[in-house]
Structure formats: structure tokens, C-alpha cells
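Chains as they are written, first to last, in this note's numbering: chain A, 496 to 724; chain B, 496 to 724.
Positions of the beta carbon are idealized from the N, C-alpha and C atoms, including for glycine.
Quantities reported herein were computed from a predicted structural model and do not represent experimental measurements.
Inspection log for the structure reproduced underneath, given as C-alpha cells.
2 protein chains.
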Amino acid sequence: MTELTLGGAHLPLRDQVTAEIRRLIISGELAQGERLVEDRLAARLGVSRNPVRESIRVLAAEGFVQVIPRIGATVARLSPAEAEELFDVRMAIEGLAARLAARKRTPETAARLRLVLGSAKEAVEEGRLERVADLNTAFHLAVGEVAGNSYLNLMMAPMLLRAQWVFRQTAAARGPHSWSEHLSLCEAIAAGDEDEAQARAVAHVAAARRSFLAAVRPAKAQHDEKTVG
Amino acid sequence: MTELTLGGAHLPLRDQVTAEIRRLIISGELAQGERLVEDRLAARLGVSRNPVRESIRVLAAEGFVQVIPRIGATVARLSPAEAEELFDVRMAIEGLAARLAARKRTPETAARLRLVLGSAKEAVEEGRLERVADLNTAFHLAVGEVAGNSYLNLMMAPMLLRAQWVFRQTAAARGPHSWSEHLSLCEAIAAGDEDEAQARAVAHVAAARRSFLAAVRPAKAQHDEKTVG
DNA sequence: CTTTAGGAGACTGTATACAAGAACCGAGAT
DNA sequence: ATCTCGGTTCTTGTATACAGTCTCCTAAAG
Numbered sequence: 496m497t498e499l500t501l502g503g504a505h506l507p508l509r510d511q512v513t514a515e516i517r518r519l520i521i522s523g524e525l526a527q528g529e530r531l532v533e534d535r536l537a538a539r540l541g542v543s544r545n546p547v548r549e550s551i552r553v554l555a556a557e558g559f560v561q562v563i564p565r566i567g568a569t570v571a572r573l574s575p576a577e578a579e580e581l582f583d584v585r586m587a588i589e590g591l592a593a594r595l596a597a598r599k600r601t602p603e604t605a606a607r608l609r610l611v612l613g614s615a616k617e618a619v620e621e622g623r624l625e626r627v628a629d630l631n632t633a634f635h636l637a638v639g640e641v642a643g644n645s646y647l648n649l650m651m652a653p654m655l656l657r658a659q660w661v662f663r664q665t666a667a668a669r670g671p672h673s674w675s676e677h678l679s680l681c682e683a684i685a686a687g688d689e690d691e692a693q694a695r696a697v698a699h700v701a702a703a704r705r706s707f708l709a710a711v712r713p714a715k716a717q718h719d720e721k722t723v724g
Numbered sequence: 496m497t498e499l500t501l502g503g504a505h506l507p508l509r510d511q512v513t514a515e516i517r518r519l520i521i522s523g524e525l526a527q528g529e530r531l532v533e534d535r536l537a538a539r540l541g542v543s544r545n546p547v548r549e550s551i552r553v554l555a556a557e558g559f560v561q562v563i564p565r566i567g568a569t570v571a572r573l574s575p576a577e578a579e580e581l582f583d584v585r586m587a588i589e590g591l592a593a594r595l596a597a598r599k600r601t602p603e604t605a606a607r608l609r610l611v612l613g614s615a616k617e618a619v620e621e622g623r624l625e626r627v628a629d630l631n632t633a634f635h636l637a638v639g640e641v642a643g644n645s646y647l648n649l650m651m652a653p654m655l656l657r658a659q660w661v662f663r664q665t666a667a668a669r670g671p672h673s674w675s676e677h678l679s680l681c682e683a684i685a686a687g688d689e690d691e692a693q694a695r696a697v698a699h700v701a702a703a704r705r706s707f708l709a710a711v712r713p714a715k716a717q718h719d720e721k722t723v724g
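Structure, rendered in C-alpha cells:
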């Protein structure tokens, strides 16, 4: 592996391996459909097959990997159609998260969210693109934590990573816009306006979808504004 | 194990083990907070630790198991609050599934859904309670398949199993009512009425929540009709 | 030239072994 | 009696080994 043993408090290898393979998939270093041969992956990461296997199961549950019994695991394929489908799910989930966050917000909530947004803005200005993506994800997760629904958060983490994957695969990054949308969402949550918070979260994802569609089929008109509402 | 090697086309042990442990958790044979010692589980199921470990990771990703590195795995705890939170997620997800199903339905859709409902009705009449639960889950999954959103389905399967868990833990089964609600949802989908389909799915989950609340806090008034809409 | 049987190689499935760390229990000190 | 220290035991983390299955290549038959 390039650098697995980072961070003092060493997590179990399986967790590091899971994170690393996931990163390789999201970044595209492991291409769609590419076979994940346990031996080779293990050698590449400098571990035995066992942690790799456990990681593959988790990544399969998250939808990054497809496993066919006795055949092997491959990086999942992400057709444009499947990629677009994700936005519908995100609207539902993130809309709910925003609504609940507005409902459950405390006086400290706004500061907490703005802290993440601040870091994100810095990262945008510094042009650290990967960090921007991570901080945007962190923002959404922070909203989820404010919402305080444990199962919602359990789903959100892999979903957001998948969203990163979708964007990386289509080369449709969009740093600056999302920041103002996040800020807008943050305000609605801070104000405790559930309807507005949900609406802004949904609008945010809808905007992301437009950006995605523009990258995937630049010519075609974007007539798909229907969906959740 | 009691009976793991069932079904001719033998799945990998890890899959059978995952299903079995999940079943043990949902049924309550493994209690909340109970330690999942790999050795013991492996011995109990008649396999080695390896499949058990892989299963535990998957079940952790699904939220059935809590893993603390170097300490061990336990059956997750499901506080009443956490249990209730699930209904919000279900409303969002199943509402979306119903909407998409109505949008994507084909002429064969109704028959397919009604087939499952028929089996469920039979099971209700025969008093086969566990089978009823499985068929209700199958119905929801079938709606998801009609919706044709792969990631949505990926989330739905564990979510529905978790819903089963919630009900089993609170002893709040409700066979007959859900059946008519399912039929009603089926009709809306068949008619292609997206709004109505979503509304009925949400209402169905809301009814399930009422049933849950009635079981959990029988005295307290149920004032929580707010949420997605 | 296409097709098909056979066998070698590659890879997954499962078990076992060993190392490292955490929990537990008892003995001695305070 | 309580606290603390030490060691024993239990359990997880990781690696290795072996068996079973699939794939792919080769070679012979049609």
C-alpha cells in the first residue's frame, strides 16, 4: 500500500483497508468493473487476504462492489441511469435530514455547521479539490447529526460517498455553487423552518443533479425536474 | 447450528451465517446488547470464525450489530426513541419508492404485486406470523423493484429487516390492517398516480408507527403526526 | 475451421494457527 | 474494607494453509 499505517491511534487493518479500497474506487484508481482479486489487493495493501475480504463484504453492502459467489468481486458498474437514480434517493434522505435538523436544532447548531462551511470555503479558495469534496460531505453529515436520527445517519454516510463517486466518475465537480447552497440550508435550519430547510436541501440536490446531467449529456435538454417536490 | 445447510444450491457459508445471525437478532434469540463472541457463534453455527467475522461486518453496516475495535461485537441496542426514528426514514424511502413505482409501472406490475399480497393474505389466514412478516417485506421490496432504483433497493432491504426487528422487539405485530393498506397502495401504483401512491405509502408507515407507539407507550397520547407530508 | 473434452492454473471458500490486547480475578498494601 | 498491581484467561486481529471450484488454454475430433 502507499500509506496505510497513518494516524497514531491505529484502527484495525480492516477499517483502514476498507477506507483505502473505497478511496481507490471513488478516485477511479480502481475502475468500474475491474476485478478485485483478493490476493493482489492484499499484496498491494501489504496485508493478508482476511482484512481485504471483510472490507469487500462491507463495500458490497455499501454498493461499491459487486460480489458473485465463487466468482469474485468487481468494482460495481455505475451506469449514467443508475448514477442519476441516486439523486432521487438523496433528495428524499437529505430532505428529511434537513427537516429533522431544523426541528431538533439547538442554539449551537448554526455555529457548528458554519464551522464546517468555513473550512470548506478555505479549501475552495486553496483549490484543494479533494478536501472540498470531503468537507461538503462532512457538512451533510453534520446536518444529519443535528437531525439526530441514528439510522438516517447510518444510511447517509455511504450515500454521500457514493455521491462523491458519481461526481468523480463524471468529472462533474462544482465547488463554489454548492457552498452558497449549503449556507442557505444552514440558515433555514438555524431558523428552525422545517419546510424551508427541506426545500433547500432538495433544491441543493436538484442543482447537483443538473450539474451532473450537464456533464453526462451536455447536448440533451434537461426536462427532468419532476420528482419528489 | 440448527439448520444451516438448507437449500440445494448452497450459498457461501458467510451468506447463510449472515442470514442466520440476522434472524437470531430479529427474532430476539440474540438479545439487545448481547455479546457476539466469534468463537461461540462459530461453534454454535458449526463453522469457523472467518464466515462469522465477515457476517458481523455486514450486520454492523446494516445497523444490527455494534462493533467496537479490539473489544468485540454486540447486538445493537434499539431504544424506543431510535426505533421510532426509523419510521421517519421509512416514510421518506418508501414514499419515494411508491412514487417511482407509480411512475415506472408496467401493465404487469399490478399482477405481480397482487401475487405477493395473495400469498400474504393466505399466510395471515393460516396464522403463520413469521411468514406474514416476510411476505410484507417482500411486498415492499417488490414495490422497490418496480420503482427500479438500484440504490434505493440496496437501502430498502436492510431497512425493512430493521423494521421487522423493531416490531418483534416491541411485540407490536399487526397483520390484517397492513394488508388492506398494501392493497390500496398497489392500486395507486397500478393507476400510475404518483402523488397518491406516495401518500398511501407514507400513510401506511404512519399507521405502522401508531401501532408501534400504542405498543410502546400505551398510555401516552400520540401527538406525533407531524413529519414528512 | 469449429467444437469439445481434458487438464493446468487461478482464485475463492473455509479452517486453523499464532500474536496482541483487554477483561478479570486474586493477593498484597493501605 | 478498598484500592492497586500483577498475572492468567479470554477474545479479537491477522496471517497462513488447504480444499474446492471456476476459468482458460490446449489439443484432438468432427
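Legend entry - Contact set between the region 650 to 662 of chain B and chain A, restricted to residues whose Cβ is under 9 Å from the partner: M650, P653, M654, R657
Legend entry - Reduced DSSP secondary structure (H/G/I, E/B, other) of G567 (chain A): strand
Legend entry - is_contact[F582 (chain B), chain A] using C-beta, thresh 7 Å: no
Legend entry - L647 (chain B) at chain A interface by Cβ criterion, 7 Å: yes
Inset, instruction - Between the Cα of R598 (chain B) and those of B:N631, B:V641, B:M586, B:F559, spot the shortest distance and give me the residue it belongs to. - result: B:V641
Inset, instruction - Would you kindly check if the distance between the Cβ of V638 (chain B) and the Cβ of A596 (chain B) is under 7 Å? - result: yes
Legend entry - L610 (chain B), buried or exposed, once every other Cβ within 10 Å from all chains shown has been counted against 16: exposed
Inset, instruction - Please decide whether L591 (chain B) counts as near chain A, where near means a Cβ-Cβ distance under 7 Å. - result: yes
Inset, instruction - Report yes if the C-beta distance between E549 (chain B) and E549 (chain A) is below 7 Å; otherwise report no. - result: yes
Legend entry - Residue of A:R509, A:P507, A:S522 minimising C-alpha distance to R663 (chain A): A:S522
Legend entry - DSSP-derived helix/strand/coil call for R572 (chain A): coil
Inset, instruction - Following the continuous alpha helix (DSSP H) through V553 (chain B), name the residue where it begins and the one where it ends. - result: 544 to 557
Inset, instruction - Kindly indicate which three-state DSSP category R530 (chain A) falls into: helix, strand or coil? - result: strand
Legend entry - Identity of the residues DSSP links to Q561 (chain A) by a beta bridge: A:T569
Legend entry - Status (buried if at least 16 other CB within 10 Å, exposed otherwise) for E557 (chain A): buried
Legend entry - Proximal residues to A628 (chain A) (C-beta, below 7 Å), its chain only, five neighbours per side dropped: Q659
Legend entry - Complete runs of the alpha helix (DSSP H) confined to the region 660 to 713 of chain A [at least 4 residues]: 670 to 686, 689 to 711
Inset, instruction - Could you list the residues in the region 625 to 644 of chain B with a C-beta less than 7 Å from some C-beta on chain A, going in chain order? - result: N644
Legend entry - Contact set for A692 (chain B): own chain, Cβ-Cβ below 7 Å, skip 5 residues either direction: A593, R594, A596, A597, L680, A683, I684
Inset, instruction - Return no unless some Cβ of chain B is closer than 7 Å to the Cβ of P564 (chain A). - result: yes
Inset, instruction - Tell me whether E720 (chain A) sits in a helix, a strand or coil according to DSSP, three-state version. - result: The pLDDT assigned to E720 (chain A) is 49, lower than 50, so where the model puts this residue is not dependable; a value taken from the coordinates is nonetheless given after this. The answer is coil: DSSP assigns E720 (chain A) none of H, G, I, E or B.
Inset, instruction - Compare the beta carbon distance of L636 (chain A) and A615 (chain A) with 7 Å and say whether it is the shorter of the two. - result: no
Inset, instruction - Out of B:A702, B:L508, B:G687, point me to the one whose CA is closest to E603 (chain B)'s CA. - result: B:G687
Inset, instruction - Flag this pair as touching only if the region 645 to 654 of chain B and the region 571 to 580 of chain A have three or more C-beta atom pairs under 8 Å; answer yes or no. - result: yes
Legend entry - Spatial neighbours of V553 (chain A) in its chain, beta-carbon cut-off 6 Å, leaving aside the 5 residues before and after: T513
Inset, instruction - Could you say which of B:Q561, B:E589, B:Q511 lies nearest to E689 (chain B) if we only look at CA atoms? - result: B:E589
Inset, instruction - Compute the distance between the beta-carbons of L612 (chain B) and V661 (chain B), then report whether it is under 7 Å. - result: no
Inset, instruction - Please confirm whether V711 (chain A) and M586 (chain A) have their CB atoms less than 7 Å apart. - result: no
Inset, instruction - State yes or no: is the beta carbon of L499 (chain A) nearer than 7 Å to at least one beta carbon in chain B? - result: Annotation note: pLDDT 39 at L499 (chain A) (below 50); position unreliable, coordinate value reported separately. So, not an interface residue.
Inset, instruction - Kindly indicate if chain A contains any beta-carbon less than 7 Å away from that of A514 (chain B). - result: no
Inset, instruction - Compare the C-beta of R530 (chain A) with all C-beta atoms of chain B and state if any pair is closer than 7 Å. - result: no
Legend entry - Among A:H699, A:M651, A:A526, A:D583, the one whose alpha carbon lies nearest that of Q561 (chain A): A:A526
Legend entry - Residues near D719 (chain A) in its chain [Cβ-Cβ closer than 6 Å; skip 5 each side]: Any reading at D719 (chain A) must be qualified, since the residue scores a pLDDT of 48, below 50, and its modelled position is unreliable; no value is offered.
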